[in-house]
Amino acid sequence: MKRRRPSFRIWLLVTMFLAGVIGLVGATYAIGRIQQSEEETGDRAKDLRIARAIAAVVRDDVDIGLLRSIQSVLPYDQILVYRAGQNVFTGPAITNTDFELDVTASFPGGRVELRDYDSPPGRWPLEVSLVMAAVVVLVIGAALVAASLLTRALQMPIDRAVEAADRVAGGDLRARIGDVVPEELARLATAFDSMASRLEAADHDKREFLADVAHEIATPVNAITGLASALADGTLRSDGERREAAALIDMETARLVSLLEDLRHLTTLDLAELAGREAVDLGDVCRSIRARFIRAASDAGVDLAVDVEHLDVVSDRRLLETILDNLVSNAIRYTPAGGRVSVRVTRRSRHVEIVIADTGIGIDRGDLERIFDRFYRVDRARARATGGSGLGLALARRAAFALGARIEVASEVGKGSEFTVILPAHRRGSREAP
């Protein structure tokens, strides 16, 4: 059974009540100290006047009988008289109360010392007690009212937050808290709504991604199924038709295998695969990229140029090759015959820039922010015709993220595009982690 927890109202009431009690105790102490200070000041002034009056009486002659008479009317004071350095009169000692203060008054040839002892403590007047009791009642009443008002003010936004959280937990990712007060709860509502928006966007992207995957797989599967059926039932009679069908089946199969491999690779990267840390020669990586794509570039009538010298960094060669493979193949795919694709590397003070530039069809400004989305194609018909899966740039961006790098793009329609991989410049022997 879940333990019942005290409500916010109770905590607030207890807190305010304790604050009131502490305030009353502090006020009582302060009043007592002020009263004591005032009494001490008054007593000192009074005792000084008495001592000076006695000094005026004994200036010429010390009358012991007169001093005893004066002492008898001062039950809480002790009189001491000194003449020529000798004590000539000492009143009876007072032992039933505490010493408070003493004052001294001088006269020619001697001095009078008056020692004052506390008088019996008096009681607070009835009015003061009634006032203190009224203050206590007012503090408790104010605590109750404040707790009720504050709880009522907080209850509505808290209820809205609980309702929105329950809806999100139940799968309704459109739930939002909205604008609330006070500021602290408003910040909580903003953070919650932002989280819910990201969850909703992620859920939408996931559904869209699954739909795109199903569509992308269905296209080559349907083509393969149709062509295989035509081969099986004898619809394609001539050798030329059968060879063409076999070639199309082979091409669609290759597309399907490439798509599945890209999906597998992307899933691996999404599962936060850790980047390695090894010495990598960017010049060697770029030359190997050229060796892999020179045949495809030649078939497309595109000049592939790699201008990279020996440059050593600490990175993950496999992820670097993933980035460059996808960017270079994408550049070749969208560059018409007679065009040019170039790869160059530049070292900066704190990073390395790998630039893949082409003279292809370019990318419209409205498409630049979406080209890294999965299955997004600027020209879907052309991409399908050239065998693109729509995952290349998404793979490149995800691999760059794993390396702590980023990809920037600049493009102009009809003139070409330039993709820049900005890679942290961790050199061999560096203590910095990639």
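Numbering (this note's numbering), first residue to last: 2 to 435. The beta-carbon is built from N, C-alpha and C at its ideal position, and this holds for glycine as well.
Self-check item: Any 3 or more C-beta pairs closer than 8 Å across the region 393 to 405 and the region 323 to 335
Solution: The region 393 to 405 makes contact with the region 323 to 335: 3 or more CB pairs, one atom from each, lie closer than 8 Å.
Exercise. Could you have a look at Ile295 and say whether DSSP puts it in helix, strand or coil?
Key: Ile295 falls in the helix class under three-state DSSP.
Exercise. Please name the residue or residues paired with Asn88 in a DSSP beta bridge.
Key: Per DSSP, Tyr83.
Quiz item: Mind checking Tyr30: buried by the 16 CB within 10 Å criterion, or exposed?
Solution: Residue burial is scored here from C-beta neighbours: Tyr30 has fewer than 16 other C-beta atoms within 10 angstroms and is therefore classed as exposed.
Quiz prompt | Endpoints, the beta strand (DSSP E) within which Glu413 is located | solution = Boundaries of the beta strand (DSSP E) harbouring Glu413: Arg407 to Glu413, taken from the DSSP string.
Quiz item: Can you round the beta-carbon distance between Tyr77 and Asp117 to whole angstroms, since I take them to be within the 8 Å contact cut?
Solution: Rounded to the nearest angstrom, the Cβ distance from Tyr77 to Asp117 is 7 Å, consistent with a contact under 8 Å.
Quiz item: Taking just the CA atoms, how far does Glu184 sit from Asp160?
Solution: Taking the Cα positions, Asp160 is about 16 Å away from Glu184.
Quiz item: Tell me the DSSP bridge mates of Ile357?
Solution: Secondary-structure assignment with DSSP links Ile357 through a beta bridge to Val344 and Phe420.
Self-check item: Val65 versus Ala85, Thr91, Gln79 and Pro158, residue with shortest Cα-Cα distance
Solution: Here the sequence assigns Ile to residue 65, which means Val is not the residue at that position. For Ile65, the nearest C-alpha among the options comes from Thr91.
Quiz item: Do Gly363 and Lys416 have their C-beta atoms within less than 7 Å of each other?
Solution: A contact, by the Cβ cut-off of 7 Å.
Quiz prompt | First and last residue of the uninterrupted beta strand (DSSP E) at Ser316 | solution = For Ser316, the enclosing beta strand (DSSP E) has its first and last residue at Asp313 to Ser316.
Exercise. Determine the contact status of Asp304 and Ala280, defining contact as a CB-CB distance below 7 Å.
Key: The answer is no: Cβ separation not under 7 Å.
Quiz prompt | DSSP three-state assignment for Pro109, whether helix, strand or coil | solution = Three-state DSSP puts Pro109 in coil, outside helix and strand.
Quiz item: For Glu279, which residues does DSSP report across the bridge?
Solution: For Glu279, which the question treats as bridged, DSSP gives the partners Ser316.
Quiz item: Given Phe420, which residues of its chain have a CB within under 7 Å of its CB, disregarding the five upstream and five downstream residues?
Solution: Same-chain partners within the cutoff: Leu328, Ile357, Ile408 and Val410.
Quiz item: Around the Cβ of Val414, are there at least 16 other Cβ atoms within 10 angstroms (buried) or fewer (exposed)?
Solution: Exposed is the call here.
Self-check item: Met17 versus Val169 - alpha carbon distance
Solution: Approximately 36 Å between the Cα atoms of the pair.
Exercise. Would you kindly work out how many angstroms separate the C-alpha atoms of Thr236 and Val222, rounded to a whole number?
Key: Rounded to whole angstroms, Thr236 to Val222 spans 19 Å at the Cα level.
Quiz prompt | Cβ pair Val422, Ile372 closer than 7 Å | solution = Contact: no.
Exercise. Ignore the nearest five residues each way along the sequence and tell me which others in Glu201's own chain have a CB closer than 6 Å to its CB.
Key: Result list for Glu201: Leu174, in chain order.
Quiz item: Does the beta-carbon of Pro337 have 16 or more other beta-carbons within 10 angstroms, so that it is buried, or is it exposed?
Solution: Under this definition Pro337 is an exposed residue.
Exercise. In angstroms with no decimal places, state the Cα-to-Cα distance between Ala442 and Glu262.
Key: Nothing can be reported for residue 442, as the shown portion of the chain is limited to 2 through 435.
Self-check item: Nearest neighbour of Ser229, chosen from Glu245, Leu81 and Ala215 [CA to CA]
Solution: This sequence places Ala at residue 229; Ser is not what is there. Residue Glu245 is the option with its Cα nearest to Ala229.
Quiz item: In terms of residue numbering, what span does the beta strand (DSSP E) encompassing Ala306 cover?
Solution: It spans Asp304 to Asp308 - the beta strand (DSSP E) in which Ala306 sits, taken as one unbroken run.
Self-check item: Identity of the residue in Ser412, Arg399, Phe193 and Ala403 nearest Leu369 by Cα
Solution: Residue Ser412 is the option with its Cα nearest to Leu369.
Practice problem: Could you tell me if Ser198 is buried or exposed, where buried requires 16 or more neighbouring beta carbons within 10 angstroms of its beta carbon? | Solution: Residue environment for Ser198: exposed (fewer than 16 other C-beta atoms within 10 angstroms of its C-beta).
Self-check item: C-beta contact flag for Gly110 and Arg84 at 7 Å
Solution: Cβ atoms of Gly110 and Arg84: closer than 7 Å.
Quiz prompt | Residue closest to Ile23, alpha-carbon to alpha-carbon, out of Ala426, Asp251, Leu49 and Val136 | solution = Among Ala426, Asp251, Leu49 and Val136, the Cα nearest to that of Ile23 is on Val136.
Quiz prompt | Simplified DSSP state of Val137, which is helix, strand or coil | solution = Assignment of Val137 by DSSP, reduced to helix, strand and coil, places it in the helix class.
Quiz item: Where does Glu370 fall in DSSP's three states?
Solution: Looking at Glu370 - three-state DSSP - the assignment turns out to be coil, as it is neither helix nor strand.
Quiz item: Looking at C-beta atoms only, is the number of pairs between the region 250 to 257 and the region 283 to 303 that lie closer than 8 Å three or more?
Solution: The way I'd put it, the region 250 to 257 doesn't touch the region 283 to 303; fewer than three beta-carbon pairs between them come closer than 8 Å.
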